[in-house]
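In our numbering, the protein residues as written are 4 to 337.
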Ligand code: FA5
């Protein structure tokens, strides 16, 4: 081969590259072309082998031609490679594009039952006032549910029709007051507790009565407590729970385990109707004696409020049965 032939062959290779490069569609095709020209048996590689046949005087010039060609082709290859890669990237992005107009998947979010929310809120208010939360069993004995609370055997509340009896002397507790007795028997004064829990009565279900309902009991026993302390605690609680737009009123009531006893009513300022929210009173001396406290030493007060009643007042719910129907249209509003 002569130098002139070699130079022509080199031009032919460039022409082949330029022609093929115009029609390249993919990185695979580009790689195949690279192998054809620069591979171990490629056209340019073979031309480098042909150098040997040239006379020494022409070798330098021939080498320069071939190296220049090799550099041009390599540079052009790299440029083409980048262009093809970019095109493929854009095509893939177009194919995999997210459709932002598609509606999202709706997953319903669980929430606490409104009665649980109200209970937790009541607990929080009393924890801030320095009360502990105590609990007791839902299955009680007549002793804790009635006797220790000064409710004699002939008291109407002991009638079978009011309570669910499970056996002789054993019943579902009708109020949370038995927890008072259990706690006082275990601790020495001062005692400052609240006891939230479920209660059971043979009440016919109607808009304001359910055979299963919840109460929060409060008990504070310490030296020197008076009815004024009771009023202060209840006032603080009503303000914290209902806000400043409600006012409260006490009226006389009777419970065998408190003396004196009171009912607490509240109403929205500017409205007519008072609603009873709890029974309350100073712990009866006989109850204090029953648990081993000295009524000359310490006094105490207690109240029991209905959680359903509080929730109904707060949210304007007219029928207590809504709490138990598990209708999501109702529950999801809270
Ligand atoms: C009691 O149960 C007393 N243990 C409260 C008490 C505690 C007084 C400590 C003094 C000292 P009463 O039966 O009134 O009292 O019930 C208290 C509250 O429980 C009522 O105001 C009412 O909100 C709620 N309640 C009673 N029965 C039902 C019922 N069937 N359904 C829903 N709530 C009820």
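Where is the CB? At the ideal position from N, CA and C, for every residue including glycine.
Quick caveat, the model's predicted, so the values are computed rather than measured.
Q) Under a Cβ-count criterion, where at least 16 other Cβ atoms within 10 Å of its own Cβ denotes burial, should residue 275 be classed as buried or exposed? A) Taking all protein chains shown into account, residue 275 has fewer than 16 neighbouring C-beta atoms within 10 Å of its C-beta and is therefore exposed.
Q) How would you label residue 329, buried or exposed, when you count the other beta carbons within 10 angstroms and need 16 or more for buried? A) exposed
With 16 other CB atoms within 10 Å as the buried threshold, where does residue 266 fall?
buried
| message | Going by C-alpha to C-alpha distance, which of 198, 214, 196 sits closest to residue 204? | response | 214
Practice prompt. With a threshold of 7 Å, establish whether the CB of residue 305 neighbours any heavy atom of ligand 1.
Written response: yes
Name, in chain order, the residues that DSSP records as bridge partners for residue 68. DSSP, once it has assigned bridges, lists no residue as partnering residue 68.
Which stretch, first to last residue, makes up the alpha helix (DSSP H) that contains residue 232? 230-245
| field | Secondary structure of residue 294, DSSP reduced to three states | value | coil
*asked:* Alpha carbons only, please: which of 137, 172, 104, 235 is nearest the one belonging to residue 184?
replied: 137
Exercise. Starting from residue 15, follow the alpha helix (DSSP H) in both directions and report where the run begins and ends.
Key: 6-26
Discussion item. In this structure, how does DSSP classify residue 49 when only helix, strand and coil are distinguished?
Written reply: helix
Checklist entry - Can you tell me where the alpha helix (DSSP H) with residue 310 in it begins and where it stops? => result Annotation: the continuous alpha helix (DSSP H) that includes residue 310 extends over 310-318.
Using the Cα positions of residue 148 and residue 260, report the straight-line distance between them to the nearest angstrom. 11 Å
**Message:** Report the start-end ranges of each alpha helix (DSSP H) in the stretch 94-179 that is 4 residues or longer and not cut off at the edges.
**Reply:** 117-131, 145-148
Q. Can you check whether the CB of residue 269 is closer than 8 Å to the CB of residue 285?
A. Not a contact, by the Cβ cut-off of 8 Å.
Q) For residue 312, is the classification buried or exposed, using 16 other Cβ atoms within 10 angstroms of its Cβ as the cut-off for buried? A) buried
### Continuous alpha helix (DSSP H) stretch holding residue 32: start and end
Element bounds for residue 32: 30-41.
Quiz item: Touching or not, the stretch 31-40 and the stretch 90-105, by the rule of three or more beta carbon pairs under 8 Å?
Solution: no
Q. Beta-carbon separation of residue 121 and residue 317 under 8 Å?
A. In this structure, residue 317 lies closer than 8 Å to residue 121 by Cβ.
* Who are the Cβ neighbours of residue 172 in its own chain at under 8 Å, not counting the five residues just before and after it? -> 144, 145, 146
Spell out the partners DSSP gives residue 281 in its beta bridges. Residue 281 pairs with 267, 308.
Practice task
Give the C-beta separation of residue 223 and residue 304 to the nearest angstrom, bearing in mind that I take them to be a contact with Cβ-Cβ under 8 Å.
Solution key: 6 Å
Q.
Taking 7 Å as the cut-off, is the C-beta of residue 281 nearer than that to any heavy atom in ligand 1?
A. yes
- Which residue comes first and which comes last in the beta strand (DSSP E) that contains residue 216? 215-225
Next on the checklist: Under 7 Å: does the beta carbon of residue 218 sit that close to some heavy atom of ligand 1?
Outcome noted: yes
Out of 115, 71, 187, 180, state which residue places its alpha-carbon closest to the alpha-carbon of residue 336.
115
- Per DSSP, residue 251 is paired with what? 269
Checklist entry - Ends of the beta strand (DSSP E) at residue 203? => result 194-203
Environment of residue 220 [buried if 16+ CB atoms lie within 10 Å]:
By the neighbour-count rule (16 or more Cβ atoms within 10 Å), residue 220 is buried.
Under 8 Å between C-beta atoms of residue 239 and residue 132: yes
- [ ] Closer than 6 Å by C-beta to residue 27: which residues in its own chain qualify, once you throw out the five before and the five after it? Chain order, please.
- [x] If the five residues before and after residue 27 are omitted, its C-beta is found closer than 6 Å to the C-beta atoms of 33, all from its own chain and listed in chain order.
Report task. Say yes only if the C-beta of residue 232 is nearer than 7 Å to one or more non-hydrogen atoms of ligand 1, and no if none qualify. Result -> Checking every heavy atom of ligand 1 against the Cβ of residue 232, none is found closer than 7 Å.
- Is residue 126 near residue 208, with beta carbons less than 8 Å apart? no
Alpha-carbon to alpha-carbon, residue 180 and residue 322 = 26 Å
Taking all protein chains shown into account, decide if residue 60 is buried (16 or more other Cβ within 10 angstroms of its Cβ) or exposed. exposed
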